[in-house]
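Going by this note's numbering, the letters in the sequence shown line up with residues 42 to 342, in that order.
Every residue, glycine too, gets a C-beta built ideally from N, C-alpha and C.
These notes concern the structure reproduced below.
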Amino acid sequence: MTVDELTQRIPGPCGVHPSADRVGEAVAAWAACYRLPDGAAFHRLAARVFPEGPVAAPTLFAKWITWIYAFDDWCDEGSASHTPDVLDAMGVQLTTALRTGHAPTPEPLASGFADLWRATAPGMSPAWCRRFGARLAGQLEACRRQSVNRAFGRSPAPSEYPALRRAAGGGILFDLVEACLRAEVPGKVKAGTIWRTLVDSCADVFCWCNDVASLRKEQGDPHNYVLVAGAGLGVPDPADWVADRVAERAEDMRDAARALPDELPGLGSVRDDVAQVVRTLLGLPRAHLEWLMESDRYKST
Numbered sequence: 042m043t044v045d046e047l048t049q050r051i052p053g054p055c056g057v058h059p060s061a062d063r064v065g066e067a068v069a070a071w072a073a074c075y076r077l078p079d080g081a082a083f084h085r086l087a088a089r090v091f092p093e094g095p096v097a098a099p100t101l102f103a104k105w106i107t108w109i110y111a112f113d114d115w116c117d118e119g120s121a122s123h124t125p126d127v128l129d130a131m132g133v134q135l136t137t138a139l140r141t142g143h144a145p146t147p148e149p150l151a152s153g154f155a156d157l158w159r160a161t162a163p164g165m166s167p168a169w170c171r172r173f174g175a176r177l178a179g180q181l182e183a184c185r186r187q188s189v190n191r192a193f194g195r196s197p198a199p200s201e202y203p204a205l206r207r208a209a210g211g212g213i214l215f216d217l218v219e220a221c222l223r224a225e226v227p228g229k230v231k232a233g234t235i236w237r238t239l240v241d242s243c244a245d246v247f248c249w250c251n252d253v254a255s256l257r258k259e260q261g262d263p264h265n266y267v268l269v270a271g272a273g274l275g276v277p278d279p280a281d282w283v284a285d286r287v288a289e290r291a292e293d294m295r296d297a298a299r300a301l302p303d304e305l306p307g308l309g310s311v312r313d314d315v316a317q318v319v320r321t322l323l324g325l326p327r328a329h330l331e332w333l334m335e336s337d338r339y340k341s342t
């Protein structure tokens, strides 16, 4: 199973924002300020997620993706990979930055996060900011569980893996679509089962496609759905099995989007904001797949 073959499970090529190169220049300058790696063309992913409209949306999203992948690599391969206490200390710095807008130390991940939060929070409601904080806390807890697993040589069971992977790998990413669009989904919509299915299935497709692409890179890490399926379920071709699950979750995502209008009566003009967010979420997995095929991050795998 290759990433190219995965595109057959998620049809529909996406466009690229005409100012993608400008986004790349802005993100490279920002990453250099905070000593974060910027060699994977994250701006191309953002330019596909937001292929039209003001350039501010893909620019902010690309900066966040740059930070998220740097944080993910630090959790998986850096000093926190087998040491939960190190991750806990970083969590304190991030939650402090979330509360005050400033990092307590010049550590690159913490200071970069604080800068992004200062650019993101203004204009978003207090309720949205609280939900973002809760999502960050869930992501930190999931990353901690993964660190404990590595420290004790434990592999997650197939039944627990999807939720763990979704929280650790998806986390805050999908809330940021709203912030980049400056379009909020009302809390009563987000509390519904249909919205939760939409976002969770989008996150699952995103994370599991990433697992297929990064399989060789992560051979020593138990947190990969292909490895979990092979070891825990004994399926003969675990990569194909994961690809089939990707197709199922992509259909769940589309079904949820089709059912969502029934949840929106009485929202007035807010319906347009919700529709804009939904369109972006529906296009995100395919944008991610096309980026996986062109990025140097996984070329060797």
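For residue i, report the span of its alpha helix (DSSP H) as first-last.
i, result
"glycine 194", "Segment: none, glycine 194 is in no alpha helix (DSSP H) and carries neither H nor E."
"leucine 305", "Here leucine 305 belongs to no alpha helix (DSSP H), and DSSP marks it neither H nor E."
"glycine 205", "The question names glycine, yet the displayed sequence has leucine at residue 205. Counting along the chain, the alpha helix (DSSP H) containing leucine 205 begins and ends at 202-206."
"arginine 312", "311-335"
"leucine 256", "Note, leucine 256: premise wrong, no alpha helix (DSSP H); not H, not E."
"cysteine 55", "Where cysteine 55 is concerned, there is no enclosing alpha helix (DSSP H), given that its DSSP letter is neither H nor E."
"valine 218", "217-222"
"valine 269", "266-274"
"glycine 233", "Premise fails: glycine 233 is in no alpha helix (DSSP H) and is neither H nor E."
For the putative contact between residue i and residue j, defined by C-beta atoms under 8 Å, what is the C-beta separation to the nearest angstrom?
i, j, result
"leucine 325", "valine 68", "Contact doesn't hold; Cβ gap of about 18 Å is too wide."
"proline 125", "arginine 185", "5 Å"
"aspartate 245", "proline 203", "6 Å"
"threonine 161", "alanine 220", "5 Å"
"leucine 347", "valine 240", "This structure cannot speak to residue 347, because the chain is shown only from 42 to 342."
"alanine 288", "valine 253", "Rounded, the Cβ-Cβ distance is 12 Å, inconsistent with contact."
"cysteine 116", "serine 188", "7 Å"
"leucine 77", "proline 149", "6 Å"
"threonine 238", "aspartate 293", "6 Å"
"glycine 80", "aspartate 337", "6 Å"
"tyrosine 266", "glycine 153", "Their Cβ separation, rounded to whole angstroms, is 28 Å, which puts tyrosine 266 and glycine 153 out of contact at 8 Å."
"leucine 157", "lysine 104", "6 Å"
"leucine 305", "arginine 312", "5 Å"
"alanine 175", "alanine 209", "Wrong, their Cβ atoms sit about 15 Å apart, outside the cutoff."
"isoleucine 109", "leucine 214", "6 Å"
"alanine 270", "proline 279", "4 Å"
"tyrosine 339", "serine 255", "6 Å"
Would a C-beta distance cut-off of 8 Å place residue i and residue j closer than the cut-off?
i, j, result
"alanine 111", "leucine 135", "no"
"alanine 297", "glycine 228", "no"
"arginine 195", "cysteine 248", "no"
"proline 143", "alanine 130", "Note on identity: in this sequence residue 143 is histidine, with proline being the wrong assignment. Contact flag unset, no."
"alanine 224", "valine 318", "yes"
"proline 353", "leucine 274", "Only positions 42 to 342 of the chain appear in the structure, and residue 353 is not among them; the question remains open."
"cysteine 55", "glutamate 335", "no"
"threonine 100", "valine 57", "no"
"histidine 329", "cysteine 250", "yes"
"alanine 316", "isoleucine 235", "no"
"glycine 212", "leucine 177", "yes"
"serine 120", "valine 96", "no"
"alanine 82", "phenylalanine 102", "no"
"alanine 98", "leucine 222", "yes"
"phenylalanine 173", "aspartate 216", "yes"
Mind listing, in chain order, the continuous alpha helix (DSSP H) runs of no fewer than 4 residues lying wholly within the region 61-123?
61-74, 83-90, 97-118
Within the region 130-172, ranges of the alpha helix (DSSP H) (whole runs, at least 4 residues):
149-161
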